[in-house]
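Numbering (my numbering), first residue to last: 19 to 154. In this text, a Cβ means the ideal position worked out from N, Cα and C, and glycines have one as well.
This is the structure we're talking about:
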């Protein structure tokens, strides 16, 4: 099933490496700003990808996956926000609480919950997916 995926080329491998370095930096900065969430971040694996099927970032509760091209387009502050956004999904156990709910609708609702909380904490919230503007 997965045999038809191509391996990243040299340019993509360099992009993934640079994006991982930026993600690790954002994680360290988040540790200073929000020690509770930052400690959680230190326990999670960070993986950068160059796959068009993932436009921004996601988490499964133990790993945070970042789109390398997307991450590199963000400012440092936006990268820290993105790290915090994914981590708060873990804190709230969203990946375990979905149950039989519609995946897309649940994701929309939990994104709004996380973004509202981060906005209240002073983060400059970025809209990660088109749906976020529609649901405000």
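For residue 95, collect the residues of the same chain with a Cβ closer than 7 Å to its Cβ; drop the 5 residues on either side in sequence, then sort them by chain order. Numbered from 1 along the chain shown, position 77 holds the residue referred to as residue 95. 142.
DSSP state of residue 84, grouped into three classes? As a first step, residue 84 must be located in the chain shown, where it is residue number 66. Residue state, collapsed to three classes: strand.
Determine the contact status of residue 83 and residue 65, defining contact as a CB-CB distance below 8 Å. Numbered from 1 along the chain shown, position 65 holds the residue referred to as residue 83. Numbered from 1 along the chain shown, position 47 holds the residue referred to as residue 65. In contact: residue 83 and residue 65 (Cβ atoms closer than 8 Å).
Less than 6 Å between C-beta atoms, sequence neighbours within five positions excluded: which residues of the same chain meet that for residue 213? With the chain covering 19 to 154 only, the question about residue 213 has no answer from this structure.
Can you tell me whether DSSP reads residue 74 as helix, strand or coil? Here residue 74 corresponds to residue number 56 of the chain shown, with the count starting at 1. The answer is coil: DSSP assigns residue 74 none of H, G, I, E or B.
Can you give me the C-alpha to C-alpha distance between residue 23 and residue 68, rounded to a whole angstrom? Locating residue 23 in the chain shown gives position 5, where the first residue counts as 1. Locating residue 68 in the chain shown gives position 50, where the first residue counts as 1. Each residue's alpha carbon lies about 12 Å from the other.
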